[in-house]
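S.K.:
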Amino acid sequence: MTDQPAIEIRDLRFAWDGGSTPLLDIPAFDMGADERLFLRGPSGSGKSTLLGLIAGVLEPQSGSIRVLGEDMSSLSGAKRDRMRADHLGVIFQMFNLVPYLSVVQNVTLPCRFSQARRAAIAAAGGPVEEARRLLARLGLTDEKLLARPVTELSVGQQQRVAVARALIGGPNLLIADEPTSALDADARDRFIELLNEEASQSGAALLFVSHDGALASHFDRSVDLSELNRAGVAA
Amino acid sequence: MSGGSILGLAWRSLMNRKGSALLTLLAVALSVALFLGVDKARNGARAGFDNTISGTDLIVGAPTGQINLLLYSVFRLGNATAEISWPTYQDIAGRSDVAWTIPVSLGDSHRGFRVMGTNAAYFEHYKYGSGTALEIAEGRRFDDIYEAVLGASVARELGYGLGSEIVLTHGLGAGGLTDHDDKPFIVTGVLAPTGTPVDQTIHIPLEGMTAIHVGWETGTKSPLADTITEDMIRSFDLTPKTITAVFLGLERRGTILTTQRALNTRAGEPLLAIIPGVALGELWQVTSVVERALIAVSIFVIAVGLVSVLISILTSLNERRREMSILRATGARPGHIFFLMVAEAGLLGFVGALLGVLIVQAGLFVLGPMLASSYGVKLQGLGLAAIDLWTILAVTAAAIFIGFIPAIMALRRSLADGLTVKL
Ligand SMILES: Nc1ncnc2c1ncn2[C@@H]1O[C@H](COP(=O)(O)OP(=O)(O)OP(=O)(O)O)[C@@H](O)[C@H]1O
Ligand SMILES: [Mg+2]
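Residue numbers (the working numbering), protein chains in the order written: chain A, 16 to 250; chain B, 212 to 634.
#1: Just tell me which of B:K251, B:A273, B:F334, B:S316 has its CA closest to the CA of G479 of chain B.
#2: Examine ligand 1 and report whether any of its heavy atoms sits within less than 7 Å of the Cβ of T36 of chain A.
#3: Can you give me the C-alpha to C-alpha distance between D302 of chain B and G370 of chain B, rounded to a whole angstrom?
#4: Distance, Cα to Cα, L240 of chain A vs L65 of chain A?
#5: R532 of chain B touches chain E at which residues, Cβ-Cβ below 7 Å?
#6: Between which two residues does the alpha helix (DSSP H) harbouring A256 of chain B extend?
#7: For the region 433–494 of chain B, list the alpha helix (DSSP H) runs that are entirely contained and at least 4 residues long, ordered along the chain.
#8: Is the number of C-beta pairs between the region 113–133 of chain A and the region 147–157 of chain A that are closer than 8 Å three or more?
#9: Work out the CA separation of A291 of chain B and T267 of chain B for me, nearest whole Å.
#10: For N111 of chain A and chain B, any beta-carbon pair shorter than 8 Å?
#11: List the residues of chain A that N529 of chain B touches, going by C-beta distances under 7 Å, in chain order.
#12: Examine ligand 1 and report whether any of its heavy atoms sits within less than 7 Å of the Cβ of S215 of chain A.
#13: For M552 of chain B, count the other beta carbons within 10 Å of its own beta carbon; 16 or more makes it buried, fewer makes it exposed. Which is it?
#14: Thinking just about the alpha-carbon of each residue, which of A:S77, A:R180, A:I207 is nearest to the one in A43 of chain A?
#15: Are the C-beta atoms of I524 of chain B and some chain A residue less than 8 Å apart?
#16: For the region 57–86 of chain A, enumerate the residues whose C-beta is nearer than 8 Å to any C-beta of chain B, in chain order.
#17: Taking 8 Å as the threshold (beta carbon to beta carbon), is R223 of chain B in contact with chain A?
#18: Can you confirm whether A618 of chain B, when its beta carbon is compared against all beta carbons of chain A, has any partner nearer than 8 Å?
#19: Give a yes or no on whether 8 Å exceeds the smallest Cβ distance from A232 of chain B to chain A.
#20: Can you look up R55 of chain A in the DSSP assignment and give me helix, strand or coil?
#21: Can you tell me whether V165 of chain A is helix, strand or coil according to DSSP?
#22: Is E193 of chain A close to ligand 2? I mean its beta-carbon at under 7 Å from any heavy atom of the ligand.
#23: Since L222 of chain A and I190 of chain A are thought to touch, with beta carbons under 8 Å apart, how far apart are those beta carbons, to the nearest angstrom?
#24: As a quick exercise: from A:R175, A:L112, A:L73, A:G185, pick the residue whose alpha carbon is nearest that of A137 of chain A.
#25: Ligand 1 heavy atoms versus the CB of G47 of chain A: any closer than 7 Å?
#26: When burial is assigned at 16 or more other CB atoms within 10 Å of the CB, is N111 of chain A buried or exposed?
#27: Considering just the uninterrupted stretch of the beta strand (DSSP E) at D628 of chain B, what are its terminal residues?
#28: Sort A:R175, A:Q172, A:G71, A:A146 by Cα distance to G92 of chain A and report the nearest one.
#29: Give a yes or no on contact between the region 522–532 of chain B and the region 251–261 of chain B, applying the rule of three or more CB pairs nearer than 8 Å.
#30: Checking contacts by CB at 8 Å: is L116 of chain A closer than that to chain B?
#31: Thinking L243 of chain A and A21 of chain A are a contact (beta carbons under 8 Å), I'd like their distance in whole angstroms, please.
#32: For G384 of chain B, which residues of its own chain have a beta-carbon under 6 Å away from its beta-carbon, when the five flanking residues on both sides are left out?
#33: Taking the alpha-carbon positions, what's the K159 of chain A to L168 of chain A distance?
#34: Could you check which residue in A:F53, A:Q130, A:R25 has the C-alpha nearest to that of S232 of chain A?
#35: Kindly identify the DSSP beta-bridge partner or partners of M327 of chain B.
#36: Say yes only if the C-beta of K62 of chain A is nearer than 7 Å to one or more non-hydrogen atoms of ligand 2, and no if none qualify.
Written as structure tokens, this is what we have:
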């Protein structure tokens with residue numbers, strides 16, 4: 016599956032609520048198997064919507080989206096969910112964590128939904144072992160910190176926990192939706208470096224989305240959504 | 212995709228909202244406790260009443276309602292409005308189809324406990340439960356005019372033992388002006404506890420009953436009464452002129468209806484003969500209307516409890532949109548979101564109902580002995596019964612069903628929200 020391109024979009028059209036004026040109209044967009052790509056676009060341009068389509072949570076009105084070689088738009092809802100559970104890691108802007116789960120439980124969350132991820136880390140000693148290993152790599156080793164409710168962690172710490180969760184079980188594609196917008200400049204740069212490093216370590220493609228073009232220098236390649244998207248930007 | 216791990220998520224999510232979850236559990240638990248409490252009280256009272264008399268084929272008294280006769284003769288509730296004469300009693304006792312009779316005379320009391328005049332046949336033939344005979348725990352039966360045998364509760368509550376002297380009260384007052392203080396009785400025996408109104412009764416010979424009323428024929432103490440000595444009384448004919456009721460057993464139970472009809476249609480003094488089981492059945496028919504109303508009300512209360520489950524989950528939905536989209540992003544299928552909501556509702560219903568059952572059991576454990584000692588009716592079937600299990604199952608099922616509402620709402624939202632939620 017890794018030699019397949021990470022993302023391959025053709026003639027994609029999407030409008031919210033089935034409306035007639037599309038928010039997205041993308042003739043073509045390609046991303047390589049282990050590419051680390053920066054996608055830039057102003058607020059409201061449809062970046063998060065595009066990620067929803069790639070993750071298979073939203074369905075396009077027309078066109079095709081191939082993710083890791085699978086045509087998401089022709090898969091059933093259940094298969095798309097399986098695809099996401101098994102092969103995708105998602106990091107949000109903020110509020111990434113489920114408040115009633117511990118740090119480790121948050122990291123192992125994808126393993127609850129994916130047999131493939133459980134199988135992938137069975138050799139490493141199971142989800143909890145793997146979660147602790149990933150957290151340690153991301154600099155979260157303090158037992159006292161790990162025992163705290165996740166709501167008491169700093170935003171930067173929460174985002175690192177979210178990265179550990181996205182990485183567990185070796186997904187092939189990481190999508191990060193403005194994961195650094197709540198961090199200061201230093202923390203932001205360190206976070207992006209860490210994310211890049213972890214993605215290349217685990218051989219996953221990384222699609223990083225932000226409105227802040229200054230971050231583009233951290234990545235292999237940078238794309239502007241307005242260049243991809245033929246639809247006029249509403250906001 | 213394992214269901215157990217989603218159930219674990221549901222449980223943690225509930226624990227994260229402990230305050231509201233606890234209140235909801237309390238609402239469900241109390242509503243279930245009310246329902247089961249009503250049911251247990253009903254069954255307990257029935258079983259207790261049904262156990263009070265057995266082996267007696269007919270009860271005969273002066274004409275009145277059959278429930279009334281049953282209540283005052285067996286349960287010492289209310290009063291006889293009329294009595295039957297001694298010759299009529301002898302007539303009944305002499306019938307060839309009658310095996311045994313117990314004449315009883317009621318009307319006096321001692322410190323709130325009923326006094327019953329009867330004879331040795333009572334100790335021979337009166338049976339309760341599934342045919343258990345009365346047992347003397349201490350001492351012996353009465354065999355002189357001024358002797359008394361106490362029910363277990365009377366002895367315990369008033370602190371009487373063998374040899375205690377007791378002064379009987381005319382009528383049912385708590386004592387005072389109308390005491391028969393001229394003629395105290397000596398306690399010769401104490402009965403073993405039965406869990407029936409027998410425990411609340413002071414038994415004396417019929418002759419003793421007559422004796423304390425010499426000089427009281429008008430209902431109050433005449434000036435003559437004090438001048439009558441015990442020796443004079445012993446020289447009188449103390450055969451009672453009237454008695455309140457007769458318990459009787461037949462030679463052959465098959466003739467029960469014939470004998471009943473014969474007594475009810477007998478020439479001379481009019482009588483009412485009742486079959487205890489039938490009279491109890493009629494009593495239950497009267498009370499069943501009330502019971503059904505109570506059950507209906509308590510079922511509505513359970514419905515209210517379930518609505519509180521719905522409210523608590525619905526109000527949590529808004530603040531949990533983010534949580535749902537995280538779960539979706541990490542691989543949860545719509546079915547998982549649905550199951551999570553339904554599992555929360557089911558857990559609230561199940562744990563709430565379980566708590567309700569425990570509340571009732573604890574209540575019975577504490578209240579049962581109190582009821583038994585103050586009403587003489589032992590609550591039967593205290594333990595867990597099938598209905599407890601069924602109630603837990605039904606409430607859990609109903610809660611799960613109700614959980615479909617927030618589940619469908621959460622599902623729709625999580626599909627519409629896509630991957631991110633704008634709060
Ligand atoms: N759930 C939704 N239902 C209807 N319309 C939506 C929904 N989510 C987003 N939109 C609309 O789609 C457009 C693009 O939104 P989107 O969130 O994709 O933008 P974005 O590029 O991620 O912006 P930002 O940088 O501010 O996050 C907006 O005009 C928004 O109003
Ligand atoms: Mg966005």
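All residues carry an ideal CB built from backbone N, CA and C; glycine is no exception.
M.R.: Concretely, from the data shown:
#1: B:A273
#2: no
#3: 41 Å
#4: 10 Å
#5: Going by chain labels, chain E is absent from the structure shown, which instead holds the protein chains A and B.
#6: 229–261
#7: 441–446, 467–475
#8: yes
#9: 19 Å
#10: yes
#11: Correct list: empty, because the minimum Cβ distance to chain A is about 14 Å.
#12: no
#13: buried
#14: A:S77
#15: no
#16: S63, T64, L66, G67, A70, V72, L73
#17: yes
#18: no
#19: no
#20: strand
#21: helix
#22: yes
#23: 5 Å
#24: A:G185
#25: no
#26: buried
#27: Looking at the DSSP string, D628 of chain B is not in any beta strand (DSSP E); the run it does join, the alpha helix (DSSP H), is 597–628.
#28: A:G71
#29: no
#30: yes
#31: Actually they are not in contact, since the Cβ atoms of L243 of chain A and A21 of chain A sit about 15 Å apart, beyond 8 Å.
#32: In this predicted model, G384 of chain B has a pLDDT of only 43, less than 50, meaning its place in the structure is not dependable enough to derive any value.
#33: 11 Å
#34: A:F53
#35: B:L317, B:H414
#36: yes
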